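Colleague: Note that the sequence shown covers residues 590 to 783 in our numbering. One structure, pasted below without further comment.
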Amino acid sequence: KLCRDPGLCAEVAVTAQKRLGVDAAIVFSDILLALEPLGFRLEYPPGGPKILNPVHRPSCLKRLHEADPEALAFIAEAVRLTREALPKDIPLIGFSGAPFTLAAYAIEGGSSRNFQKTKAFMYRHPQAWNELLGMLSRALIGLLKAQAASGAKALQLFDSWVGCLGPADYRTHVLPHTRRVIRALLKGVPVIHF
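Below you can see the structure in the form of structure tokens.
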């Protein structure tokens with residue numbers, strides 16, 4: 590609920606920046622929100638987020654759809670309100686999850702220690718894998734561009750789970766999608782790939 594209230598998101602981000610005394614703020618949001626406009630159902634029970642309709646096989650992609658750019662307008666509004674509330678000399682960082690990490694949540698249905706389902710899907714169904722990551726990439730481009738247009742001075746792409754892959758698998762199955770996202774973003778807005 591907090592992530593969907595732009596005013597509260599701005600308050601959290603500004604308060605954190607002031608209390609910590611850091612030289613930048615980051616918008617308060619959650620990376621998994623980007624999955625909902627594609628057709629994923631998300632819950633936050635105790636123990637961590639859950640995807641109620643994960644992708645188990647290629648046919649599951651038929652129930653997904655391209656993201657409506659307005660579906661996450663509350664995040665852009667949170668960026669705008671946060672930017673207005675911050676001191677002018679404090680930059681604001683926007684962010685999203687990266688295609689791989691979001692795909693892993695979508696396939697695993699939640700957190701994972703070994704990402705077996707994700708890797709199996711990636712290896713066994715490369716065409717469906719690329720279709721899923723392509724859909725995620727397009728949604729992320731829209732989300733990140735909206736944050737930059739609303740006042741984010743830099744953008745961070747979180748790929749916190751991609752470390753489960755070796756370099757060759759990363760280059761083959763993930764890097765093309767990550768590059769597509771980064772290259773499509775607004776020129777002059779720095780991108781941090783984490």
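Positions of the beta carbon are idealized from the N, C-alpha and C atoms, including for glycine. Nothing here was measured: the structure is a model prediction, and the numbers come from that model.
(1) Is it true that the CB of Ala-735 sits closer than 8 Å to the CB of Ala-623?
(2) Tell me the rounded alpha-carbon separation between Ala-728 and Val-611.
(3) Give the range of the beta strand (DSSP E) segment to which Ser-685 is assigned.
(4) Report yes if the C-beta distance between Ile-682 and Ala-743 is below 8 Å; otherwise report no.
(5) Where does Arg-702 land, buried or exposed, given buried means 16+ other C-beta within 10 angstroms?
(6) Taking the C-alpha atoms as reference points, what is the distance between Val-763 and His-714?
(7) State the CB to CB distance for the pair Phe-689 and Val-616, rounded to an integer number of angstroms; the pair is presumed to be in contact (CB under 8 Å).
(8) Give the secondary structure of Lys-677 by DSSP, where H, G and I count as helix, E and B as strand, and everything else as coil.
(9) From Leu-722 to Ile-771, what does the alpha carbon distance come to, in whole angstroms?
(10) Apart from the five residues just before and just after Gly-596, which ones in its own chain have a Cβ nearer than 7 Å to its Cβ?
(11) My guess is that Leu-661 and Leu-732 are in contact by the Cβ rule of under 8 Å, so how many angstroms apart are they, rounded?
(12) Roughly how far, in whole angstroms, is the beta-carbon of Thr-767 from the beta-carbon of Ala-687, given that I think they are within contact range, below 8 Å?
(13) Nearest to Phe-710 by alpha carbon, out of Lys-607, Leu-627, Pro-647 and Glu-600?
(14) Report all residues from its chain with a CB closer than 6 Å to the CB of Leu-609; omit the five preceding and five following residues, and keep chain order.
Modeller: The short version:
(1) In this structure, Ala-735 does not lie closer than 8 Å to Ala-623 by Cβ.
(2) Each residue's Cα considered, the two are about 30 Å apart.
(3) Looking at the DSSP string, the run of the beta strand (DSSP E) that includes Ser-685 is 681-686.
(4) Note that the C-beta distance between Ile-682 and Ala-743 is below 8 Å.
(5) It is exposed - the Cβ of Arg-702 has fewer than 16 other Cβ atoms within 10 Å.
(6) When rounded, the distance between both Cα atoms is 14 Å.
(7) Wrong, their Cβ atoms sit about 21 Å apart, outside the cutoff.
(8) Taken through DSSP and simplified to helix, strand or coil, Lys-677 comes out as coil.
(9) Their Cα atoms are separated by approximately 14 Å.
(10) Within its own chain, the residues whose Cβ lies closer than 7 Å to the Cβ of Gly-596, once the five positions on either side in sequence are excluded, are Leu-670, listed in chain order.
(11) Contact holds; Cβ gap of about 6 Å.
(12) The Cβ separation is near 6 Å, so the contact holds.
(13) With respect to the C-alpha of Phe-710, the residue from Lys-607, Leu-627, Pro-647 and Glu-600 having the closest C-alpha is Pro-647.
(14) Within the same chain, Leu-609 has no close Cβ partners at all.
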